[in-house]
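In our numbering, the protein residues as written are 12 to 239.
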């Protein structure tokens, strides 16, 4: 029997802002190096919560998860604020206390900015997977928004709309991508990860979106550097 220390839902399924495209995000913390499958965990989950959703499973050893908790990793804060244990796993998270302070926003945003630069290069090649690259733009934008939200007036925001609600010292940092286009970026990520039907993108449109997000990331990075 796999020694499971913790099982819990996190993310949109806990925030109660799910839609038809939302995953069922599940965290599993193990006290061993054994493997556990989605099938096994689905059997332990509440079917009323999971439903027919795609299960996005995050598995960590206790040592690595505790290390992330002490370091103040954003994922640790995500679990601290937005998680709900499976029945019988109620005490694990509360026993860890409060995560350490998140101090890597500048490093993380700079790394995500480099990802956007890589996407820019890829979009100018003769052969390119538009859906894959669109999904990477979404990942970079969302995670930049989440990292920067540590300093946001409204506090940490782990939702997919994190880039759209940044306000630093009373100044909104406007996200330059329209909601419809951003939704297609999100759909592209889901398509790349799950093999679902993919949205359509014109290559010129995608290049323009990437340029806008890259310029936005520059502004966010400068603002966060000034606050760090």
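Ideal placement from N, C-alpha and C gives every residue a C-beta, glycine not left out. Just so it is clear, the structure is predicted and the values come from calculations on it, not from any experiment.
Residues that DSSP places opposite residue i in a beta bridge
i: residue 179; result: 182
i: residue 94; result: 21
i: residue 15; result: 41
i: residue 67; result: 36
As assigned by DSSP and simplified to three states, the class of residue i
i: residue 72; result: strand
i: residue 172; result: coil
i: residue 229; result: helix
i: residue 40; result: strand
i: residue 35; result: strand
i: residue 2; result: No answer is possible for residue 2: it lies beyond the span of the chain, which begins at 12 and ends at 239.
i: residue 235; result: helix
i: residue 87; result: helix
i: residue 78; result: helix
i: residue 113; result: coil
i: residue 55; result: helix
Residue i, enclosing beta strand (DSSP E) - first and last residue
i: residue 130; result: Unbroken run through residue 130 is the alpha helix (DSSP H), 116-134; no beta strand (DSSP E).
Opening and closing residue of the alpha helix (DSSP H) in which residue i lies
i: residue 142; result: 141-159
i: residue 105; result: 102-105
Supposed contact pair residue j and residue i - C-beta distance, whole angstroms, cut 8 Å
i: residue 134; j: residue 197; result: That belief does not hold up - the Cβ atoms of residue 134 and residue 197 are roughly 18 Å apart, past 8 Å.
i: residue 127; j: residue 151; result: 5 Å
i: residue 235; j: residue 162; result: 6 Å
i: residue 250; j: residue 145; result: This structure cannot speak to residue 250, because the chain is shown only from 12 to 239.
i: residue 64; j: residue 34; result: 6 Å
i: residue 22; j: residue 169; result: 7 Å
i: residue 217; j: residue 141; result: 6 Å
i: residue 114; j: residue 83; result: 6 Å
i: residue 159; j: residue 177; result: 6 Å
4-residue-minimum alpha helix (DSSP H) runs that sit fully inside the segment 183-223, ordered along the chain
Contiguous alpha helix (DSSP H) elements confined to the segment 183-223 occur at 190-205, taking only those with 4 or more residues.
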